[in-house]
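Q: Per the numbering used here, the first sequence runs over residues 18 to 494. We put the CB at the ideal spot given by N, CA and C, even for glycine.
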Amino acid sequence: MIRTRFAPSPTGYMHIGNLRTALYEYFIAKHAGGKFILRIEDTDRERYVDGAVDIIYKTLETAGIKHDEGPDVGGDYGPYVQSERQNDYMKYALMLVEKGEAYYCFCTKERLDKLREDGDTGVKYDRHCLSLSKEEIEENLRNNVPFVIRQKIREGKTTFVDEVYGEVTVDNEDMEDQILIKSDGMPTYNFANVIDDHLMNITHVIRGNEYLSSTPKYNLLYEAFGWEIPTYIHVAPVMKDKHEKLSKRNGDASFQDLLKKGYLPEAIVNYITLLGWAPKENREIFTIDELIEIFDIKGISKSPAIFDPEKLRWMNGEYIKAMDFEDFYKMAESVLKNAIKTEGIDLRSVAGMVKSRVCTVYEIPEMIDFIDELPDYDKSLYKHKKMKTNEENSLDFLRLIIPVLEKAENWDNDSLYEVMVQTAKDNGLKNGQILWPVRTALSGKPTTPCGASELCVLLGKEETLKRLSEGIEILTK
RNA sequence: GGCCCGUUGGUCAAGAGGUUAAGACACGGCCCUUUCACGGCUGAGACAUGGGUUCGAUUCCCGUACGGGUCACCA
Numbered sequence: 018m019i020r021t022r023f024a025p026s027p028t029g030y031m032h033i034g035n036l037r038t039a040l041y042e043y044f045i046a047k048h049a050g051g052k053f054i055l056r057i058e059d060t061d062r063e064r065y066v067d068g069a070v071d072i073i074y075k076t077l078e079t080a081g082i083k084h085d086e087g088p089d090v091g092g093d094y095g096p097y098v099q100s101e102r103q104n105d106y107m108k109y110a111l112m113l114v115e116k117g118e119a120y121y122c123f124c125t126k127e128r129l130d131k132l133r134e135d136g137d138t139g140v141k142y143d144r145h146c147l148s149l150s151k152e153e154i155e156e157n158l159r160n161n162v163p164f165v166i167r168q169k170i171r172e173g174k175t176t177f178v179d180e181v182y183g184e185v186t187v188d189n190e191d192m193e194d195q196i197l198i199k200s201d202g203m204p205t206y207n208f209a210n211v212i213d214d215h216l217m218n219i220t221h222v223i224r225g226n227e228y229l230s231s232t233p234k235y236n237l238l239y240e241a242f243g244w245e246i247p248t249y250i251h252v253a254p255v256m257k258d259k260h261e262k263l264s265k266r267n268g269d270a271s272f273q274d275l276l277k278k279g280y281l282p283e284a285i286v287n288y289i290t291l292l293g294w295a296p297k298e299n300r301e302i303f304t305i306d307e308l309i310e311i312f313d314i315k316g317i318s319k320s321p322a323i324f325d326p327e328k329l330r331w332m333n334g335e336y337i338k339a340m341d342f343e344d345f346y347k348m349a350e351s352v353l354k355n356a357i358k359t360e361g362i363d364l365r366s367v368a369g370m371v372k373s374r375v376c377t378v379y380e381i382p383e384m385i386d387f388i389d390e391l392p393d394y395d396k397s398l399y400k401h402k403k404m405k406t407n408e409e410n411s412l413d414f415l416r417l418i419i420p421v422l423e424k425a426e427n428w429d430n431d432s433l434y435e436v437m438v439q440t441a442k443d444n445g446l447k448n449g450q451i452l453w454p455v456r457t458a459l460s461g462k463p464t465t466p467c468g469a470s471e472l473c474v475l476l477g478k479e480e481t482l483k484r485l486s487e488g489i490e491i492l493t494k
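As structure tokens, this is what we get:
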């Protein structure tokens with residue numbers, strides 16, 4: 018049974034790279050009918066943010082990820098909050114000491130600092146305490162001299178296989194005798210991770226490739242315990258640009274931010290899954306269930322991917338277009354109400370116009386701002402090469418159509434379109450020579466989400482005629 | 001600096017020892033059209049670099065350049 022875990026720190030923010038990792042973990046587990054576990058890594062009190070755990074739950078839920086085990090849903094391998102698991106780590110560290118795979122170290126911070134002072138970074142611990150006699154150790158312990166427990170790195174080379182990067186071999190020379198238990202009795206992250214993953218029966222470890230270099234150390238730990246090594250899947254980061262990762266520090270968009278900007282959870286999930294992973298088929302729009310179905314580790318990329326907001330925007334537009342109208346209306350209603358103060362405007366009809374033209378609902382207001390108020394516009398807007406209209410002849414065309422519309426009895430789209438086209442025909446004009454000036458006079462914009470006759474219907478007869486005469490004023494100025 | 005990893009159009013990416021090196025976003029053009037959008041068609045645009053191996057390498061190997069990661073009593 019495949020078991021994967023998502024192990025975020027509750028720092029109050031779910032960034033896109035993290036969420037993507039969670040998705041991959043979820044897909045890999047679910048594809049194989051396995052379990053996806055949530056474990057909260059809250060040992061860093063400095064960075065702990067109140068309410069952050071809720072953000073994690075909320076994010077997973079909104080994204081459509083359901084964890085099988087976790088602090089809120091329980092499970093057989095709890096507790097699922099790292100700070101509640103503290104007791105065990107020391108026990109395991111001492112087991113290693115017993116086996117000669119780890120040792121007490123009483124070196125002071127000062128001594129270690131001094132050790133590093135001379136050389137560049139990368140100076141290893143000199144194993145000063147490795148040679149301490151049993152008596153010395155016991156005496157130190159008796160006297161409550163602060164200590165840490167360090168892993169004793171063996172000589173040789175360590176090779177591990179990563180599902181994405183393949184075989185990686187590192188000379189153990191390059192590794193330091195890392196600290197397992199800190200002087201406050203707490204485990205270091207690396208140690209806690211190995212213990213937790215083993216105790217929780219995690220079979221596949223999926224994480225950022227910044228851990229690629231420390232993976233050999235993990236392996237050495239597993240080997241020291243005689244535990245089975247999990248399958249490793251390291252993934253390249255999601256970048257903001259060629260050089261920088263997408264990060265909280267840079268104030269980059271988080272999942273929450275993207276939602277606030279009007280992106281649909283499904284679109285975000287779909288898009289970020291495709292950042293660093295590609296399916297076998299040549300297709301881009303997938304539901305989360307489809308992703309579970311087709312997700313294959315082999316499609317994971319080795320190199321970083323730059324987050325492209327433009328493409329997310331496009332994809333969101335695709336989701337909106339594919340959306341059921343009622344769902345779209347529900348989503349857009351409040352935006353529409355806010356953007357249109359004029360009484361009597363048919364919001365549903367506006368929603369229909371706008372649906373295939375926006376990528377997020379927040380693009381709606383700018384598109385329809387002319388409804389409440391005709392914007393100031395320049396008469397050059399009347400000039401359109403293809404329609405064969407300009408500032409001069411548009412005046413004639415408007416004068417021609419106003420009386421016709423005044424007389425119009427049926428104020429519906431088909432009738433109005435018919436009457437305008439007929440007028441053009443009767444006067445030997447192109448359709449556009451009537452339609453373009455009308456559209457312009459009614460909207461004061463170069464583009465609108467609908468045509469001239471639809472604008473007439475939308476605005477109503479009175480407002481239509483009012484704006485048309487305003488058009489004449491502008492043209493005669 | 002040591003070690004590890006990476007490098008296909010502007011971006012996401014497929015791909016394979018022999019291909020006209022897919023596709024998508026963005027961009028240009030055309031068609032459709034009641035403006036725009038949608039839709040359809042189309043154009044431009046890429047294998048970082050030098051050596052090998054090979055009949056043939058963008059694909060395999062080595063080096064170089066560039067980029068990233070990592071070397072904590074942080075997670």
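Let's test the definition: count the other Cβ atoms within 10 Å of the Cβ of residue 178 and tell me whether it reaches 16, buried, or not, exposed.
A: Classification of residue 178: exposed, given that the 10 Å Cβ count is below 16.
Q: Going by the DSSP bridge assignment, what does residue 184 pair with across the sheet?
A: 178
Q: So, under 8 Å CB-CB, residue 415 and residue 489 are touching, yes? Tell me the CB distance rounded to an integer number of Å.
A: 5 Å
Q: For the region 371–458, which segments carrying the alpha helix (DSSP H) assignment without a break, of at least 4 residues, lie completely within its bounds, in sequence order?
A: 381–385, 408–424, 430–443
Q: Pick helix, strand or coil for residue 244, following the three-state DSSP scheme.
A: coil
Q: Roughly how many whole angstroms lie between the Cα atoms of residue 388 and residue 442?
A: 29 Å
Q: Quick one: residues in its chain with C-beta nearer than 8 Å to the C-beta of residue 229, no 5 flanking neighbours on either side, listed in chain order?
A: 179, 182, 185, 251
Q: Tell me, to the nearest whole angstrom, how far the beta carbon of residue 332 is from that of residue 284; I am working on the premise that it is less than 8 Å.
A: Separation of the CB atoms of residue 332 and residue 284 is rounded to 5 Å, and the pair is thereby assigned contact status at 8 Å.
Q: Pull up the distance between the alpha-carbon of residue 87 and that of residue 102, whole angstroms please.
A: 13 Å
Q: Give every residue of the same chain whose Cβ lies closer than 6 Å to the Cβ of residue 49, excluding the five residues on either side of it in the sequence, and list them in chain order.
A: 19
Q: With residue 55 as the anchor, note down where its beta strand (DSSP E) starts and where it stops.
A: 52–55
Q: From the DSSP output, which residues share a beta bridge with residue 86?
A: 54
Q: Can you list, in chain order, the residues of its chain whose CB lies under 8 Å from that of residue 397, leaving out five sequence neighbours each side?
A: 408
Q: If we count Cβ pairs, one from each stretch, closer than 8 Å, do we get three or more for the region 215–234 versus the region 282–301?
A: no
Q: Would residue 121 and residue 146 qualify as a contact pair, given that the criterion is a beta-carbon distance under 8 Å?
A: yes
Q: Going residue by residue through the region 268–319, where are the continuous alpha helix (DSSP H) segments of at least 4 residues, counting only ones entirely within it?
A: 272–277, 282–290, 305–311
Q: For the candidate residues 194, 155, 161, 165, whose alpha-carbon lies nearest to that of residue 172?
A: 194
Q: Could you compute how far the alpha carbon of residue 125 sits from the alpha carbon of residue 164?
A: 8 Å
Q: Would you report the Cα separation of residue 82 and residue 336, rounded to the nearest angstrom?
A: 19 Å
Q: Rounded to whole angstroms, what is the Cα-Cα separation between residue 509 and residue 370?
A: This structure gives no information on residue 509, because the portion of the chain shown stretches from 18 to 494.
Q: Decide yes or no for the touch test of the region 342–355 against the region 305–322: beta carbon pairs closer than 8 Å, at least 3 of them.
A: no
Q: In terms of residue numbering, what span does the alpha helix (DSSP H) encompassing residue 330 cover?
A: 326–339
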